[in-house]
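Using our numbering, the first residue of the sequence shown is number 62, and each one after it goes up by one.
In this text, a Cβ means the ideal position worked out from N, Cα and C, and glycines have one as well.
The structure presented is a predicted model; accordingly, all values stated were derived computationally and were not measured.
Everything below concerns the one structure shown next.
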Amino acid sequence: MADGRPNPDQEALSKIDTTVPHSARIWNYWMGGKDNYEVDRIAGDAYREVAPNIETMARASREYLIRTVTFVAGELGIRQFLDIGTGLPSYDNTHQVAQRVAPESRIVYVDNDPLVLRHAQA
62 MADGRPNPDQ EALSKIDTTV PHSARIWNYW MGGKDNYEVD RIAGDAYREV APNIETMARA
122 SREYLIRTVT FVAGELGIRQ FLDIGTGLPS YDNTHQVAQR VAPESRIVYV DNDPLVLRHA
182 QA
């Protein structure tokens with residue numbers, strides 16, 4: 062990390078398996094995203110059988126993010142945001158919400174999931 066850029070673990074990145082359900086892709090499915098596979102949709106549907114409100118809860122968490130970021134950017138003047146455990150993008154991501162209110166806002170996304178890192182590098 063001498064040049065300031067992260068040095069991702071290439072072995073971890075090469076181990077991404079699209080034949081096994083992954084929590085970030087399942088969450089993306091529940092959020093109406095496009096970055097998921099059939100195996101993730103099957104697992105997400107099976108999980109919904111056990112927890113019927115999970116999709117509603119996932120979307121409610123996004124609505125909370127939208128309300129919170131809109132408030133702190135608009136009413137409190139916050140211009141720097143740190144999104145920890147960002148997951149895969151879907152709709153109204155932190156930068157989109159903050160920059161709608163204050164275009165000069167800066168956002169740093171952090172996640173320890175190799176799948177999310179691979180997606181961010183694409």
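Residue pairing by DSSP puts L143 in a beta bridge opposite V169.
The Cβ atoms of V130 and T155 lie closer than 8 angstroms to each other. Separation of P113 and S84 (C-alpha to C-alpha, rounded to the nearest whole angstrom) is 17 angstroms. A distance below 8 angstroms between beta-carbons, with the five flanking residues on each side excluded, links V100 to the following residues of its chain, in chain order: T79, T80, V81, P82. In this chain, I77 is not harboured by any alpha helix (DSSP H), its DSSP state being neither H nor E. Excluding its 5 nearest sequence neighbours in each direction, A119 has C-beta neighbours in its own chain below 8 angstroms: W88, W91, M92, listed in chain order. Leaving aside the five residues that flank E116 on each side, the residues in its chain whose CB is nearer than 6 angstroms to its CB run, in chain order, W91. A direct Cα-Cα distance of roughly 19 angstroms separates I139 from V171. Between the alpha carbons of K76 and R123 lies a gap of roughly 29 angstroms.
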